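J.: In my numbering, the protein residues as written are 22 to 336. A virtual CB, placed ideally from N, CA and C, is assigned to each residue, including glycine. Computed from a predicted model, the values in this text were never measured in an experiment. First, the structure itself, so that you have it in front of you.
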């Protein structure tokens, strides 16, 4: 199995435990021996895989304590590289999983400046309600290209009737503000205060696109290599995972979580000196947002099965 976009946390290993338990239960019902497991954890080469690898002894101990020694052995590997392209040999993977990764694009759309070099998305660092239509089109065009490349690459790597489950942040394209918009608002305030340069902010955009269910369905059907087993949506609170009802605690939890993901991109553009102040302001803003109670975000989850048709053609 492969987990694409594993980041530096231990969520991927928790997923592995779940999958092993499901397979083990099925094997017990069928009265057959559990297979050996090969797990490939993927992220960009810049990802700190060591954080995941240092947790492996604890993972193996937990696996043995909770599941016993009757399970097949589990081997975990790191697979650095972009999932917008091939990662594995043909017909190699049985199960692919990706959680909260596919809303990140392969790059920033190139069409976010006019022919004379003027920024088209001034005042925003991602798609927002005030973004002009040309910006929406540029982001969707790149998402379309990236997602199709992702699907085609996996179609070559997944065995016949192999499974793929994808979860990513979605959008209704109506009024679903994202935390990145609020970070953009804070950056605008910092530019007004002279802490960062306004022209640099005007040209800055993040490679983030939250798609709609309709867009996802359309591209899966157009690509043609998969049976769409399930396509569902659900909402979660922004501070999901925070084990406290205190808005200050949850605001700090979310601000730190977002900082891990976005700080490298922001610091590269605006310098590391403002990062602490930026995310402290973001944390303070989150406290007020949580008090208003408008903190749900849409999730899209897709379950796909590799088709038999065109299998050899795509291999």
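For a test of the three-state rule: what should DSSP assign to residue 104, helix, strand or coil?
T.: Three-state DSSP puts residue 104 in coil, outside helix and strand.
J.: Have a look at 235, 245, 243 and flag the residue whose alpha-carbon is nearest the alpha-carbon of residue 253.
T.: Checked all of 235, 245, 243; the closest Cα to residue 253 is 235.
J.: In the DSSP assignment, find the alpha helix (DSSP H) that holds residue 224 and state where it starts and stops.
T.: Element bounds for residue 224: 219 to 224.
J.: As an exercise, report each continuous beta strand (DSSP E) stretch of at least 3 residues that is fully enclosed by the segment 143 to 191, in chain order.
T.: Entirely contained in the segment 143 to 191, the beta strand (DSSP E) runs reaching 3 residues are, in chain order, 179 to 190.
J.: With residue 98 and residue 60 assumed to form a contact (beta carbons below 8 Å), what rounded beta-carbon distance in angstroms separates them?
T.: Their Cβ separation, rounded to whole angstroms, is 7 Å, which keeps residue 98 and residue 60 in contact under 8 Å.
J.: Based on DSSP bridge pairs, tell me the residues matched to residue 59.
T.: 96.
J.: Report the option in 307, 208, 317, 112 whose CA atom is closest to the CA atom of residue 183.
T.: Looking at the Cα atoms, 112 is the closest of the given residues.
J.: If I measure Cβ to Cβ from residue 217 and keep anything under 7 Å in the same chain, skipping five residues before and after, which residues do I get?
T.: Hits under 7 Å: 208, 211, 291, 295.
J.: Residue range of the alpha helix (DSSP H) that residue 134 falls in?
T.: Premise fails: residue 134 is in no alpha helix (DSSP H) and is neither H nor E.
J.: Run through the DSSP bridge pairs and tell me what residue 118 is partnered with.
T.: In DSSP, residue 118 forms a bridge with 24, 186.
J.: In whole angstroms, what is the alpha-carbon distance linking residue 307 and residue 85?
T.: Whole-angstrom Cα-Cα distance: 41 Å.
J.: Could you spell out the range, first to last residue, of the alpha helix (DSSP H) harbouring residue 321?
T.: Looking at the DSSP string, residue 321 is not in any alpha helix (DSSP H); the run it does join, the beta strand (DSSP E), is 317 to 327.
J.: Along the chain, where does the beta strand (DSSP E) containing residue 255 start, and where does it finish?
T.: Here the beta strand (DSSP E) through residue 255 covers 247 to 258.
J.: Can you round the beta-carbon distance between residue 190 and residue 231 to whole angstroms, since I take them to be within the 8 Å contact cut?
T.: Right, their Cβ atoms sit about 5 Å apart.
J.: Could you give the DSSP three-state label for residue 109: helix, strand or coil?
T.: The answer is coil: DSSP assigns residue 109 none of H, G, I, E or B.
J.: What's the gap between the Cα of residue 244 and the Cα of residue 177?
T.: Cα to Cα, residue 244 sits roughly 12 Å from residue 177.
J.: Spatial neighbours of residue 29 within its chain, please: C-beta separation below 6 Å, excluding the five flanking residues on both sides.
T.: Excluding sequence neighbours, residue 29 sits near 69, 72.
J.: Sorted by chain position, which residues of the same chain lie with C-beta nearer than 6 Å to residue 54's C-beta, five sequence neighbours on each side aside?
T.: No residues qualify anywhere along the chain.
J.: From residue 213 to residue 267, what distance separates their C-alpha atoms?
T.: Each residue's alpha carbon lies about 32 Å from the other.
J.: Can you tell me whether residue 67 is helix, strand or coil according to DSSP?
T.: Residue 67: coil per DSSP, three-state reduction.
J.: Is there contact here, the segment 74 to 83 with the segment 146 to 164, by at least three beta-carbon pairs under 8 Å?
T.: Not touching, per the Cβ criterion.
J.: Over the uninterrupted alpha helix (DSSP H) stretch that includes residue 263, give me the two end residues.
T.: Taken as a continuous stretch (DSSP letters only), residue 263 belongs to no alpha helix (DSSP H), as it is neither H nor E.
J.: Name the two residues that bound the continuous alpha helix (DSSP H) containing residue 244.
T.: Start and end: 234 to 244.
J.: So residue 156 packs on residue 141, CB below 8 Å; how close in whole Å?
T.: Right, the Cβ-Cβ distance comes to about 5 Å (below 8 Å), so this counts as a contact.
J.: Grab the span of the alpha helix (DSSP H) containing residue 76 for me, first residue to last.
T.: Where residue 76 is concerned, there is no enclosing alpha helix (DSSP H), given that its DSSP letter is neither H nor E.
J.: Report the option in 116, 47, 293, 42 whose CA atom is closest to the CA atom of residue 87.
T.: Taking only the C-alpha atoms, the option nearest residue 87 is 42.
J.: Give the range of the alpha helix (DSSP H) segment to which residue 285 is assigned.
T.: Its alpha helix (DSSP H) spans residues 268 to 291.
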